[in-house]
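Everything below concerns the one structure shown next.
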Amino acid sequence: DVVLTQTPVSLSVTLGDQASISCRSSQSLEYSDGYTYLEWYLQKPGQSPQLLIYEVSNRFSGVPDRFIGSGSGTDFTLKISRVEPEDLGVYYCFQATHDPYTFGAGTKLELK
Amino acid sequence: EVKLVESGGGLVQPGRSLKLSCAASGFSFNDYWMGWVRQAPGKGLEWIGEINQDSSTINYTPSLKDKFTISRDNAQNTLYLQMSKLGSEDTAIYYCAREGIYGPMDAWGQGASVTVSS
């Protein structure tokens, strides 16, 4: 199975700061069709997960442009510029390139 | 409005079975792949599996393939998760999710809580 390693495990930020989360894969996530099926989800406290980013860098409908996904192959990053209170929670990367699909262990974004 | 509502959770004894349902509304259910994800208490997310529009393709994470069965009834706009031989390790919140046009899980239910205990 593909292992996704997220770092850091937790991240303490001040509102308005930039936050950066890394997701490294044990295998390349580029599929044979040329697409890379790496997604980012946010689970706010007490809520269901919600989709933020798909195919590495595409923001889902309604996701603010301060969320920026990047990367290729095995290394991916989610950057959040100007963190706002509603951004706090646990971020998960997820790969849908290789069966079985897998999640990273999560990165908790909290206030300093 | 896209809505997914899970039901059927609760307390179940070890070794028993349980079937979860996920009622979908607000979209054309039979046009979408659907999936299940679970989250053990205080833990991260675990992908369980997915099913395509006409149930001809069902994929599972290998560790759960012999215990869990995903199915759907397009006439009833409902997704199911049949769980058997349950153990304490299956205690979790179970989420159903819609897989959107490009594949990602773009809509989620509120989750159904399953507790396996004697």
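Line order of the protein sequences matches chains V and U.
Position 103 (the first sequence) corresponds to 103 in my numbering; numbering is contiguous.
Each position in the second sequence, counted from 1, maps to that position plus 1000 in my numbering.
The C-beta atom is built at its ideal place from N, Cα and C for all residues, glycine as well.
Residue(s) in a DSSP beta bridge with residue i
i	result
residue 58 of chain V	V/54
residue 14 of chain V	For residue 14 of chain V, which the question treats as bridged, DSSP gives no partner whatsoever.
residue 1057 of chain U	According to DSSP, residue 1057 of chain U bridges with nothing at all.
residue 30 of chain V	V/36
residue 7 of chain V	V/22
residue 44 of chain V	DSSP output for residue 44 of chain V lists no bridge partner at all.
residue 96 of chain V	DSSP output for residue 96 of chain V lists no bridge partner at all.
residue 102 of chain V	V/95
residue 1010 of chain U	U/1114
residue 75 of chain V	V/24 and V/72
Boundaries (first-last residue) of the beta strand (DSSP E) holding residue i
i	result
residue 1064 of chain U	First-last for residue 1064 of chain U: undefined, no H or E at that position.
residue 1023 of chain U	1018-1025
residue 19 of chain V	19-25
residue 87 of chain V	Unbroken run through residue 87 of chain V: none, as it is neither H nor E.
residue 1003 of chain U	1003-1007
residue 110 of chain V	107-111
residue 1112 of chain U	1112-1116
residue 1080 of chain U	1078-1083
residue 1109 of chain U	No beta strand (DSSP E) contains residue 1109 of chain U, which DSSP labels as neither H nor E.
Under 7 Å between C-beta atoms of residue i and residue j
i	j	result
residue 55 of chain V	residue 41 of chain V	no
residue 1086 of chain U	residue 1012 of chain U	yes
residue 1002 of chain U	residue 1092 of chain U	no
residue 102 of chain V	residue 2 of chain V	yes
For residue i, the three-state DSSP class (helix, strand or coil)
i	result
residue 1031 of chain U	helix
residue 1071 of chain U	strand
residue 1088 of chain U	helix
residue 1043 of chain U	coil
residue 1037 of chain U	strand
residue 1051 of chain U	strand
residue 1093 of chain U	strand
residue 66 of chain V	coil
residue 1101 of chain U	coil
Own chain, CB closer than 8 Å to residue i, minus 5 neighbours either side, in chain order
i	result
residue 12 of chain V	110, 111 and 112
residue 1017 of chain U	1082, 1083, 1084, 1085 and 1086
Beta-carbon contacts of residue i that lie in its chain and below 6 Å, excluding the five residues immediately before and after
i	result
residue 108 of chain V	10 and 90
residue 1040 of chain U	1092
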